[in-house]
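Written out below as structure tokens is the structure these notes cover.
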Amino acid sequence: MNTSGTTNTPVSMMETLAHWHFRRIEECSTLLQWLDPRPGERILDIGCGDGYYDARIASRGAHVVGVDIHEKRLAKAQRKHRSERTDYHYMDAEELGFEPATFDKVISFCVIEHFQNEDRVLEHVNRVLRPGGRIFLSADSLSNPEVTHEEREAHRKRYAVNNFYTVDHLREKLARAGLELERYHYILTTPITLALARLSWKLDDLPPLLAPLHGLGYAVLGTVGKVIADFAEDHARRPDSGLTLLAEARKI
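Right, dumping it as structure tokens:
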């Protein structure tokens, strides 16, 4: 789930904290496992941010190209993670400027829900993927039965979200772009993990003056909260709804 939207905490701090926030750990580790980067593969990261995950992918021998429209985050990616197997571009994913069949795989961590025209993004993904290429993505869902309409609307505003996704909604959009959904997985599905997420939303709404408290809260959620969330998911995971939807699709 994206945590770098329009919150009151500085973006640099938010992005650093997000890498070990309980909301992101299962999401990102699962997508990276599905991605299974291989030496020599070319992988596009849409919404690469500070390049943290690109460095991990590149360490497996793949060449990673990251695109984003946030100049400060791209500058951090260039400074900290630029290597012979990583490359970064200031580029809007709705106007991907790569040649057809350039990439073996595409990955995107909770970015698609922020686009004004995600259909165009997926059409570009299809175009730049090689035959049989795959996309791995996560998206905000908030499909838990306990999530209220008011919470969804607050989430839209807090994180600049345009769309929420269920598996049926995403499958339809992928199909229109020439991509076939092959597997999916909801995470943060239980009332307990929703309660922890609600706490994190309150932390994200704190004013800048209380930024140290925000950081402390994230640290607690990243340790104790993660243990509680894992226990709840292991014992009562729902297969058909959750705060975040993970998906893998293949170019038809």
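If you read the sequence shown in the numbering used here, its first letter stands for residue 587, the second for the next number, and so on. Each residue gets a CB set at the ideal place from its N, CA and C atoms; glycine is no exception.
{"Item": "Every unbroken alpha helix (DSSP H) inside the segment 667–733 [4 residues or more]", "Value": "704–714"}
{"Item": "Runs of beta strand (DSSP E) lying entirely within the segment 749–823, each at least 3 residues, in chain order", "Value": "765–773"}
{"Item": "Counted within 10 angstroms of its Cβ, other Cβ atoms place residue 593 as buried (16 or more) or exposed", "Value": "The predicted model places residue 593 with a pLDDT of 46, which falls under 50 and marks its position as unreliable, so this point remains unresolved."}
{"Item": "Contact check, residue 679 vs residue 656, beta carbons under 8 Å", "Value": "no"}
{"Item": "Inter-residue Cα distance where the pair is residue 750 and residue 726", "Value": "5 Å"}
{"Item": "For residue 657: DSSP bridge partner residues", "Value": "Looking at the DSSP assignment, residue 657 forms no beta bridge with any residue, so it has no partner."}
{"Item": "Those residues which DSSP pairs with residue 630 across a bridge", "Value": "651, 692"}
{"Item": "Distance between residue 741 and residue 731 (C-alpha atoms, nearest Å)", "Value": "16 Å"}
{"Item": "Beta-carbon gap between residue 723 and residue 648 smaller than 8 Å", "Value": "no"}
{"Item": "Reduced DSSP category for residue 663 - H, G, I as helix; E, B as strand; rest coil", "Value": "helix"}
{"Item": "Cutoff 7 Å; reference residue 748; Cβ partners in own chain excluding five residues on either side", "Value": "699, 700, 701, 702"}
{"Item": "Alpha carbon of residue 739 to alpha carbon of residue 791, nearest angstrom", "Value": "14 Å"}
{"Item": "Status (buried if at least 16 other CB within 10 Å, exposed otherwise) for residue 799", "Value": "exposed"}
{"Item": "Element boundaries [beta strand (DSSP E), containing residue 836]", "Value": "830–837"}
{"Item": "Secondary structure of residue 624, DSSP reduced to three states", "Value": "coil"}
{"Item": "Cβ neighbours of residue 789 in the same chain (closer than 7 Å, five flanking residues each side left out)", "Value": "800, 803, 804"}
{"Item": "Residue 640: first and last residue of the uninterrupted alpha helix (DSSP H) it sits in", "Value": "638–644"}
{"Item": "Residue 619 beta carbon near the ligand MN (any heavy atom closer than 7 Å)", "Value": "This structure does not include the ligand MN; it has no bound ligands of any sort."}
{"Item": "Span of the alpha helix (DSSP H), counted from its first residue to its last, around residue 740", "Value": "735–745"}
{"Item": "Neighbourhood of residue 823 by C-beta distance below 6 Å, restricted to the same chain and skipping five residues each side", "Value": "775"}
{"Item": "Per-residue burial, residue 817 [other beta carbons within 10 Å of its own, 16 or more giving buried]", "Value": "exposed"}
{"Item": "Rounded C-alpha distance that separates residue 828 from residue 820", "Value": "14 Å"}
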